[in-house]
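**Student:** Residue numbers (my numbering): 82 to 435. We put the CB at the ideal spot given by N, CA and C, even for glycine. None of the values given here were measured: they were computed from a predicted structure.
(1) Could you tell me which whole beta strand (DSSP E) segments of length 3 or greater appear in the stretch 132-194?
(2) Within the continuous alpha helix (DSSP H) that includes residue 306, where are the two ends?
(3) Expressed to the nearest angstrom, what Euclidean distance is found between the alpha-carbon atoms of residue 267 and residue 273?
(4) For residue 246, I'd like the list of residues in its chain whose CB is within less than 6 Å of its CB, leaving aside the five on either flank, ordered along the chain.
(5) Report the residue from 315, 231, 416 whose alpha carbon sits nearest the alpha carbon of residue 348.
(6) Should residue 387 and residue 151 be called a contact, given that it needs their Cβ atoms to be closer than 8 Å?
(7) Hey, which unbroken runs of the alpha helix (DSSP H) at 4 residues or more fall wholly within the stretch 184-253?
(8) Using only the alpha-carbon positions, how far apart do residue 254 and residue 218 sit?
(9) In whole angstroms, give me the CA-to-CA distance for residue 370 and residue 97.
(10) I need the boundaries of the alpha helix (DSSP H) containing residue 331, first residue and last residue.
(11) Rounded to a whole number of angstroms, what is the C-alpha to C-alpha distance between residue 326 and residue 252?
(12) In its own chain, which residues sit with a C-beta less than 7 Å from the C-beta of residue 121, not counting the 5 before and 5 after it?
(13) In this structure, how does DSSP classify residue 432 when only helix, strand and coil are distinguished?
(14) Along the alpha helix (DSSP H) that carries residue 110, what are the first and last residues, could you check?
(15) My understanding is that residue 393 touches residue 358, with C-beta atoms under 8 Å, so please give their C-beta distance in whole angstroms.
(16) In three-state terms, what does DSSP make of residue 372?
(17) Within 10 angstroms of its Cβ, does residue 226 collect 16 or more other Cβ (buried), or is it exposed?
(18) Which whole-angstrom value is the C-beta distance of residue 174 and residue 124, which I expect to be below 8 Å?
(19) Closest by CA to residue 149, which one among 156, 89, 86, 135?
(20) Residue 234 and residue 203 - do their beta-carbons sit closer together than 8 Å?
(21) Helix, strand or coil, according to DSSP, for residue 380 in the structure here?
(22) Starting from the C-beta of residue 404, find all residues in its chain whose C-beta is less than 8 Å away, skip the five residues before and the five after it, and write them out in chain order.
(23) Report yes or no: do three or more beta-carbon pairs, one from the stretch 128-144 and one from the stretch 177-195, lie closer than 8 Å?
(24) Helix or strand or just coil, what does DSSP make of residue 390?
(25) Within the same chain, show all residues whose beta-carbon is closer than 8 Å to that of residue 293, passing over the 5 residues directly before and after it, in chain order.
(26) So who's on the other strand from residue 262, going by DSSP bridges?
(27) Would residue 179 be called buried (16 or more neighbouring beta carbons within 10 Å of its own) or exposed?
(28) Are the CB atoms of residue 290 and residue 90 within a distance shorter than 8 Å?
(29) Hey, residue 129 and residue 106 are a contact pair by Cβ (cut 8 Å); roughly how many whole angstroms apart?
(30) If I follow the unbroken beta strand (DSSP E) through residue 95, where does it start and stop?
(31) With DSSP as the reference, label residue 410 as helix, strand or coil.
(32) Is the beta carbon of residue 263 closer than 8 Å to that of residue 211?
(33) Do residue 312 and residue 391 have their C-beta atoms within less than 8 Å of each other?
(34) Could you check the C-alpha separation between residue 164 and residue 305 for me, to the nearest Å?
(35) Might you give, ordered along the chain, the residues of its own chain that have their beta carbon closer than 7 Å to the beta carbon of residue 432, omitting 5 neighbours on each side?
(36) Among the candidates 409, 382, 398, 389, whose CA atom is the shortest distance from the CA of residue 375?
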């Protein structure tokens, strides 16, 4: 099955249910494909968690608007620029700017200014990924023109009914608007990324197989997906009795990564930080099962603890030097090479332009 040219939903479900020797064969095949596409090379995106201010109220998220127990912050321009220059000095090749969602004119213009500054000060050497939520087509165009070339907007759940269970029922959390935003990102010319949470309450294996088929149909260039980690102060915590164990969610995430690698051979797949919240070597294991992108957190330490999407967030006390050394050491342990000073763009995207 794992050698079939075309995989259908039944195939994907079987792969996601794999146990024992079948599971190890799945991981082995995914690693073979990854090595064929990328060698044993892993590319980095220095992650800047720009702001935890958010207009959204997603039921699972620690930085949702209604969370009054959070100190809100937005990093000033000078510190963002310094983060980018630190990434350049460490030869990361790319940065990723992530934030709670805002759509006001001040936010849009600030991001545009930062993108232009980073491009100029790095002499165009830094690749830039954005993960700033749903925006208008015009905003996506403005940021693309300012220098960003990848955009990650996670669908979180491609099943409309499941999506409605993890979001408030209002226009600000509209499933169709999110789909339209994904199409607009692609239309502008970004490398398009999306992703889902794995192990949500009410989620089935069939839902996850459909998530993979959704990514395939959307023709994404990159995927960032990880295990759902419940936050006891969030509304979705009321459904915690429906959850698989953390270990089961971790294992299911590994199988999702491996299955996606077999389904979409030449895309970029992120080893999500949330994996590390469950298993200290979770990200490194994901690299062995089909992922090829790591995102070392280069946010100033004073802000890290307040970008609290989920509990037990790893590495919040590490400075950028410690983080860099840690990743370099761990990649050597697992026999992977870091693509320093390389953008590591999605081959799926570059191949589509040939």
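**Tutor:** Well, looking at it:
(1) 175-180
(2) Residue 306 sits at position 225 when you count from the first residue of the chain shown. Taken as a continuous stretch (DSSP letters only), residue 306 belongs to no alpha helix (DSSP H), being part of the beta strand (DSSP E) at 303-308.
(3) Here residue 267 refers to the residue found at position 186 of the chain shown. Here residue 273 refers to the residue found at position 192 of the chain shown. Going from the Cα of residue 267 to the Cα of residue 273 covers about 6 Å.
(4) Translated into positions along the chain shown, residue 246 becomes position 165. If we look at residue 246 and ignore the five residues flanking it on each side, its Cβ neighbours are 283.
(5) Residue 348 sits at position 267 when you count from the first residue of the chain shown. Of the listed residues, the one whose Cα sits closest to residue 348 is 231.
(6) As a position in the chain shown, residue 387 is number 306, starting the count at 1. As a position in the chain shown, residue 151 is number 70, starting the count at 1. The answer is yes: Cβ separation under 8 Å.
(7) 186-202, 218-227, 241-246
(8) To locate residue 254, count along the chain shown from 1; it is residue 173. To locate residue 218, count along the chain shown from 1; it is residue 137. Rounded to the nearest angstrom, the two C-alpha atoms are 17 Å apart.
(9) Within the chain shown, residue 370 is the residue found at index 289, counting from 1. Within the chain shown, residue 97 is the residue found at index 16, counting from 1. Straight-line Cα distance between these residues: approximately 13 Å.
(10) Taking the chain shown and counting its residues from 1, one reaches residue 331 at position 250. Taken as a continuous stretch (DSSP letters only), the alpha helix (DSSP H) holding residue 331 covers 327-344.
(11) Residue 326 sits at position 245 when you count from the first residue of the chain shown. Residue 252 sits at position 171 when you count from the first residue of the chain shown. For residue 326 and residue 252, the distance between alpha carbons rounds to 33 Å.
(12) For the purposes of this step, residue 121 is taken as residue 40 along the chain shown, with counting starting at 1. Around residue 121: 416, 417, 418.
(13) As a first step, residue 432 is located in the chain shown; it is residue number 351 there, counting from the start. Three-state DSSP puts residue 432 in a helix.
(14) Locating residue 110 in the chain shown gives position 29, counting from the first residue. Note, residue 110: alpha helix (DSSP H), 101-119.
(15) Looking up residue 393 in the chain shown gives position 312. Looking up residue 358 in the chain shown gives position 277. 5 Å between Cβ atoms; contact.
(16) For the purposes of this step, residue 372 is identified with residue 291 of the chain shown, where counting begins at 1. Coil at residue 372, not helix or strand.
(17) Counting from one through the chain shown, the residue named residue 226 turns up at place 145. It counts as exposed.
(18) Here residue 174 refers to the residue found at position 93 when the chain shown is read from its first residue. Here residue 124 refers to the residue found at position 43 when the chain shown is read from its first residue. Confirmed, Cβ separation roughly 6 Å.
(19) Residue mapping note: residue 149 aligns to position 68 of the chain shown, counting from 1. Comparing Cα positions, the closest option is 135.
(20) The residue you call residue 203 lines up with position 122 of the chain shown. The residue you call residue 234 lines up with position 153 of the chain shown. Not closer than 8 Å, so no.
(21) Within the chain shown, residue 380 is the residue found at index 299, counting from 1. It is coil, neither helix nor strand.
(22) The count along the chain shown starts at 1 and reaches residue 404 at position 323. Hits under 8 Å: 377, 378, 379, 396.
(23) yes
(24) Translated into the one-based positions of the chain shown, residue 390 becomes position 309. Reduced to three states, the DSSP call for residue 390 is coil.
(25) Along the chain shown, read from residue 1 onward, the residue named residue 293 stands at position 212. Contacts found: 93, 337, 340, 341, 344.
(26) Taking the chain shown and counting its residues from 1, one reaches residue 262 at position 181. The partner list for residue 262 (beta bridge, DSSP) is empty, contrary to what the question assumes.
(27) Position 98 of the chain shown, counted from the first residue, corresponds to residue 179. By the neighbour-count rule (16 or more Cβ atoms within 10 Å), residue 179 is buried.
(28) Position 9 of the chain shown holds residue 90. Position 209 of the chain shown holds residue 290. Yes, these two residues count as a Cβ contact at 8 Å.
(29) Residue mapping note: residue 129 aligns to position 48 of the chain shown, counting from 1. Residue mapping note: residue 106 aligns to position 25 of the chain shown, counting from 1. Not quite, the Cβ-Cβ distance comes to about 39 Å (not below 8 Å), so this is no contact.
(30) Here residue 95 refers to the residue found at position 14 when the chain shown is read from its first residue. Segment 90-97 is the alpha helix (DSSP H) holding residue 95; no beta strand (DSSP E) there.
(31) Here residue 410 corresponds to residue number 329 of the chain shown, with the count starting at 1. In the structure shown, residue 410 sits in a helix (DSSP, three-state: H, G or I).
(32) The residue given as residue 211 occupies position 130 in the chain shown. The residue given as residue 263 occupies position 182 in the chain shown. No. Outside cutoff.
(33) Here residue 312 is taken as the residue at index 231 of the chain shown, counted from 1. Here residue 391 is taken as the residue at index 310 of the chain shown, counted from 1. Yes, the pair counts as a contact, with Cβ atoms nearer than the cut-off.
(34) Indexing the chain shown from 1 puts residue 164 at position 83. Indexing the chain shown from 1 puts residue 305 at position 224. Cα to Cα, residue 164 sits roughly 22 Å from residue 305.
(35) As a first step, residue 432 must be located in the chain shown, where it is residue number 351. So the qualifying residues of the chain are 347.
(36) Within the chain shown, residue 375 is the residue found at index 294, counting from 1. Minimum Cα distance to residue 375 is reached at 409.
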